[in-house]
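Here the sequence shown is numbered in my numbering, starting from 5 and rising by one per residue.
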Amino acid sequence: MTTGYVFDDIFKKHDYPGHPECADRLTAIMGYLEQHALLPQLSQIQARPATIPELVRCHTANYVKMVEQVSERGGGMLDPDTYANEYSYQAALKAAGGLIDLTSAVVDGTLDNGFAFVRPPGHHAVLQGSMGFCLFGTVAIAAQVARHDKGLERVAIVDFDVHHGNGTQNILETDPHIMFASSHQYPFYPGTGNYNEIGQGKAHGTKINLPLEVNTDDEGIKRLYSDIVFPMLRRFQPQLILVSAGYDAHWRDPLANIGLSLTGYQWLSQQLFELAGELCEGKIVFALEGGYNLPVLAAGVGNSVRILLGDDKHYDDPFGLSPRPKPDVDQLVRVLKRTHDLD
Ligand SMILES: [Zn+2]
């Protein structure tokens, strides 16, 4: 396998003291990949800045300009949760541009698959603005490039971050060519993501939301993905799978309360990798979103990288399963099957 990656020092210059979405997250990930001899097995794609035409498919030109201006004057808060400093505009441009080029290389067949180790994250950024630590909708932007510049008819995005990918959904709400499936704690930040949000107009039925009760664990997540997300992927027949890879659904994450383990995350990565093999010649690209317990984040990313390299035997889970009592997912599975005609 040839697995590509994106990293650039500027991703660590977007930083704010004391904020959970900090540069130390990438330091932990890159350190882990070096320590476990994974990085030398990967092939680096340089991160170039996304262009304005690439960005304005997903964001208003006014918003893009506003981020540039805030960065140019040294930074500030873009919204109550989301900071920008003097490097943030360039970092966000390169996060999107890097993922675009990595994705394009996978679509072209130059690389088999890839993982973009990028910051700031993207899946909360909406058409007209930042949200939840996210500046530009990196994964939505890459999906649109695959669709419009690479000519793909069907792209699927799977978002396993613990927060609803509301920005990705907002940007692609009416686009029937892009399937979007998100599993997330609910009700929770950012407030959206109920089961009945399934896309609008021609895109009706192409958006799938799995609202998870607090403490839903590996077993519940396996059931929901096996019964809902995987059949929907098979029905949609994507030519490319993009993954909004957040590791904050782990039971030890400080920002949320879902009960996934690193073993559960490894299973999920493996299943998506195998589905990509079955449906789209293995074309799958992960992009980093959230994850705020640094050892969990680093090992979680490392395990996903092992999967992309074709190694499903070795993985790292020093933390074990969630010790908290788990909710029953039967009712949710029934509701989702009915919502998406899966019976
Ligand atoms: Zn998150």
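Glycine included, every Cβ here is placed at the ideal spot set by N, Cα and C.
Per DSSP, residue 137 lies in no beta strand (DSSP E) and is assigned neither H nor E.
Residues whose Cβ lies closer than 6 Å to any heavy atom of ligand 1, listed in chain order: 165, 166, 167, 250, 252, 293 and 294.
DSSP, reduced to helix, strand and coil, places residue 254 within a strand of the structure shown. Per DSSP, reduced to three states, the secondary structure at residue 273 is helical. With a 10 Å radius around the Cβ and a threshold of 16 neighbouring Cβ atoms, residue 239 comes out exposed. Sequence-distant partners of residue 260 (beyond 5 residues in either direction) whose C-beta falls short of 8 Å from its own C-beta, in its chain, are 166, 167, 189, 192, 252 and 253.
Taking residue 187 as reference, the option from 14, 337 and 328 with the minimal CA-CA separation is 337. Under the three-state reduction of DSSP output, residue 330 falls in the coil class, being neither helix nor strand. For residue 48, the uninterrupted beta strand (DSSP E) segment begins and ends at 47-49. Proximity of the segment 11-24 to the segment 107-114 falls short of the contact definition, fewer than three beta-carbon pairs being nearer than 8 Å. Note that the C-beta distance between residue 118 and residue 8 is below 8 Å.
Cβ contact annotation for residue 36 (same chain, cutoff 6 Å, sequence separation greater than five): 302 and 306, in chain order. Taking residue 157 as the centre and dropping the five residues before and after it, the same chain places the C-beta of 181 and 243 closer than 7 Å to its C-beta, in chain order. If you draw a 10 Å sphere on the C-beta of residue 132, you find fewer than 16 other C-beta atoms in it, and that means exposed.
Look at the segment 119-185 and you find these whole runs of beta strand (DSSP E), each 3 residues long or longer: 159-163. In this structure, residue 289 sits near residue 120, with a CB-CB distance shorter than 8 Å.
When C-beta atoms of the segment 205-221 are compared with those of the segment 140-149, fewer than three pairs fall below 8 Å, so the two segments do not count as touching.
DSSP places residue 207 in the helix class (H, G or I) of the three-state scheme. Counting the other CB atoms within 10 Å of its CB gives residue 230 a total below 16, which places it among the exposed residues. Per the coordinates, the alpha-carbon of residue 69 lies some 44 Å from the alpha-carbon of residue 333.
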